[in-house]
Amino acid sequence: MQECKNNDSENSGAGSGNLKLTVARTLKWNVIDRLSSQLLYAVTGVVLARELSDTEFGLVGAIMVFQMFAERFIESGFASALLQRKSPTRLDYSTVLWFNLFMAVTLYIILFLLAPWIADIFQKNESLIPLSRVMFLTFIINSLSIVQSNRLIKRMETRLVAVSNSIGLTAGAVVGIYLAVSGYGAWALVWQAMTVAVVKTAILWFSSGWTPLMAFSYHALKSFFKIGAVVMLTSLLNTAFQSIGSFLIGSKVNIGSLGYYTQADKWSKMAVVSISQIFASSFIPLLSSVQDDPERYARMCGKVHRFAAYLLFPGMCLLAVMATPIFHTLFETKWDLAIILFQLMVIRGIFFTLSNLYGNFILSVARSRRLVANEVIRGTATIIAIVFTLPYIATSTSDNPIHGVEIFVWGQLAATVVTWFVSLLLVIRISDRTLFSYIGDMLPYIIITGMSLIPCIMLLDAPIHPLLICILQASVFIAIYIGTNAMLKSRIQADVLSYLLGRFRRNT
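Just so you know, we're using the working numbering here: the sequence shown kicks off at 10 and counts up by one.
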């Protein structure tokens, strides 16, 4: 009886109740999670950016190159395969958890021994050795939370995930800010990350109501291998392409320039990564649940794509236009060199997020070859861009010491646009939709966004405090964008507003 219980499929929230309401609730908590997390992250980031130097941010940015690789490898793709599988069992979840923990401990030992080599790569900076050895402990702790989070996401019960992230970030903010103002330098960032990992993981384990079996199934692991190995490969390649900028700037230019790049990258990712994660956690379980119904699957792909366009183009383009007043409000002129990098990364984020969304479409129907092809294309475009821009990466001018870094980021933007277009071609056949239908999804929101930005651009030179410029720009843009969509009777906007006003609940 116990064995039967252990191997029974865990019920998924995606298939119960009113589907539209279930998806809306899941999306709501994913949005709350990301907004609250990024708000806390932003507040902490502002204080730390004022207290710490570009070199101190550069040190942690150098460590994060290896940290990101380790975390992607630990996730191993099997966690994503759990999301794709219709009915994972308790033994499936337990097997992936123990495998993740084993990989985390193994990688930590390897990186602990390689810490002096890491320091040699980045200008022989010996302070990287103790910093990295402590920082790398976080991926062992985080490995314990991956399955807990994915199980809740699979069941479309994301409230606890949001709460654990928010409380973890709050605790990390307190620790990081205290250490920064106390003069601990880069250690403030390291212990902030440690605190977030410990608190978030502890909450998930004590509050989720799920514990793993003290069992490991090679058969279960093998059953995940086909899609899991592909996801791991694509994730590692994706991480490589995201991290290569930090690696090249830190090793070929200097740690100070890496600090500016890290700041721009961090603030741009607050929006870009958040939206990507919202889409993945909200829609992969939903799309995988209808993967055997081509007509319904195509209809859902179209709606998800229109929803992405409705959010992405206005959000990212407005951030790019508001970059200067935002940075001046938060940091005065301390990080001005990072502004143009931030703007380029935000625009790049539009195409990066769409490309990842298409990857999620492919993942939801387990088309592993197309996932690999997507990353190979991304890698090829990235490498070509590097070949053309690397000779200039260390160049500078009298008024711009990171001119070469800017050229490098322009190249990465171009590579991401190419990747987006080819990814779109790959996803057309599996979703049974045409190229023109996908372009048609986006075009209205691109046009409305461009029209809404005109008065925002005109406000940039207003002789008032930058905070007031931010408020005016945001207010004008939102009024024009929402008003225009309302006049054009946007169905996506109507659904969003209906849920916000509680009409989904009243109509069920």
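Every residue, glycine too, gets a C-beta built ideally from N, C-alpha and C.
According to DSSP, is residue i part of a helix, a strand, or is it coil?
{"i": "Pro220", "result": "One detail in the question is off: residue 220 reads as Thr in this sequence, not Pro. Reduced to three states, the DSSP call for Thr220 is coil."}
{"i": "Thr98", "result": "strand"}
{"i": "Leu497", "result": "coil"}
{"i": "Asp441", "result": "coil"}
{"i": "Glu65", "result": "helix"}
{"i": "His474", "result": "coil"}
{"i": "Pro580", "result": "No statement about residue 580 is possible, as the shown extent of the chain runs from 10 to 517 and does not include it."}
{"i": "Asp274", "result": "helix"}
{"i": "Asn134", "result": "coil"}
{"i": "Tyr306", "result": "helix"}
{"i": "Pro323", "result": "helix"}
{"i": "Pro400", "result": "helix"}
{"i": "Gln76", "result": "helix"}
{"i": "Thr406", "result": "coil"}
{"i": "Val262", "result": "coil"}
{"i": "Lys343", "result": "coil"}
{"i": "Phe225", "result": "coil"}
{"i": "Leu153", "result": "coil"}
{"i": "Ile411", "result": "coil"}
{"i": "Ala195", "result": "coil"}
With DSSP as the reference, please indicate the residues paired to residue i in a beta bridge.
{"i": "Thr115", "result": "According to DSSP, which records beta bridges pairwise, Thr115 is partnered with nothing at all."}
Under 6 Å Cβ to Cβ from residue i, same chain only, skipping five residues before and after it: list those, please.
{"i": "Ser461", "result": "Phe486, Ile489, Tyr490"}
{"i": "Asn134", "result": "Ala128"}
{"i": "Glu12", "result": "The pLDDT assigned to Glu12 is 39, lower than 50, so where the model puts this residue is not dependable, and the model offers no usable value."}
{"i": "Val431", "result": "Ile386"}
{"i": "Gln201", "result": "Gly181, Val184, Gly185"}
{"i": "Leu481", "result": "Leu468"}
{"i": "Ala471", "result": "Ile478"}
{"i": "Arg514", "result": "Its pLDDT being 44, under 50, Arg514 is placed unreliably by the model, and the measurement read from it follows with that caveat. Closer than 6 Å at the Cβ level, and outside the excluded window around Arg514, lies no residue."}
{"i": "Arg142", "result": "Phe121, Ala124"}
{"i": "Ser499", "result": "none"}
{"i": "Ile130", "result": "Ser260"}
Grab me the residues of residue i's own chain with a C-beta within less than 7 Å of its C-beta, minus the 5 sequence neighbours each way, in chain order.
{"i": "Ile501", "result": "Arg315, Phe316, Tyr319"}
{"i": "Met144", "result": "Ile72, Gln76, Val199, Ala202"}
{"i": "Phe417", "result": "Gly254, Thr398, Ile402"}
{"i": "Ile457", "result": "Tyr490, Thr493, Asn494"}
{"i": "Met354", "result": "Ala273, Asp274, Ser277, Val418"}
{"i": "Ser154", "result": "Lys209, Thr210, Leu213"}
Since residue i and residue j are thought to touch, with beta carbons under 8 Å apart, how far apart are those beta carbons, to the nearest angstrom?
{"i": "Ala79", "j": "Leu122", "result": "The pair is not a contact, with the Cβ atoms about 13 Å apart (cut-off 8 Å)."}
{"i": "Ile393", "j": "Ala424", "result": "7 Å"}
{"i": "Val379", "j": "Leu434", "result": "The sequence as given places Arg at residue 379; Val does not occur at that position. Contact flag wrong, Cβ pair sits at about 10 Å."}
{"i": "Leu68", "j": "Ile264", "result": "6 Å"}
{"i": "Ser152", "j": "Leu213", "result": "Wrong, their Cβ atoms sit about 12 Å apart, outside the cutoff."}
{"i": "Ala206", "j": "Thr271", "result": "Not a contact, Cβ separation roughly 19 Å."}
{"i": "Glu60", "j": "Val190", "result": "6 Å"}
{"i": "Ser217", "j": "Leu169", "result": "6 Å"}
{"i": "Val74", "j": "Ser255", "result": "5 Å"}
{"i": "Phe370", "j": "Ile439", "result": "7 Å"}
{"i": "Trp429", "j": "Ser484", "result": "Incorrect: roughly 31 Å between the Cβ atoms, too far for contact."}
Would you kindly report the start and end of the unbroken alpha helix (DSSP H) that includes residue i?
{"i": "Pro334", "result": "332-340"}
{"i": "Tyr187", "result": "168-190"}
{"i": "Ser141", "result": "137-144"}
So, at 8 Å on beta carbons, what are the nonlocal neighbours of residue i in its own chain, with the 5 sequence-adjacent residues on each side left out?
{"i": "Asp450", "result": "Gly311, His314, Arg315, Ala318"}
{"i": "Ile335", "result": "Leu328, Pro475, Cys479"}
{"i": "Glu65", "result": "Gly194, Ala195, Leu198, Gly268"}
{"i": "Gln132", "result": "Gly259, Ser260, Asn263, Ile264"}
{"i": "Ser9", "result": "As shown, the chain starts at 10 and ends at 517. That puts residue 9 outside it, with no answer to give."}
{"i": "Pro410", "result": "Ser266, Leu346"}
{"i": "Pro323", "result": "Tyr454, Ile457, Thr458, Ser461, Phe486, Tyr490"}
How about residue i: is its Cβ closer than 7 Å to a heavy atom in the ligand GTP?
{"i": "Ala424", "result": "What this structure holds is no ligand at all, so the ligand GTP is not there to describe."}
Chain B beta carbons: is any one of them nearer than 8 Å to that of residue i?
{"i": "Ser499", "result": "The displayed structure is made up of one protein chain only, and chain B is not part of it."}
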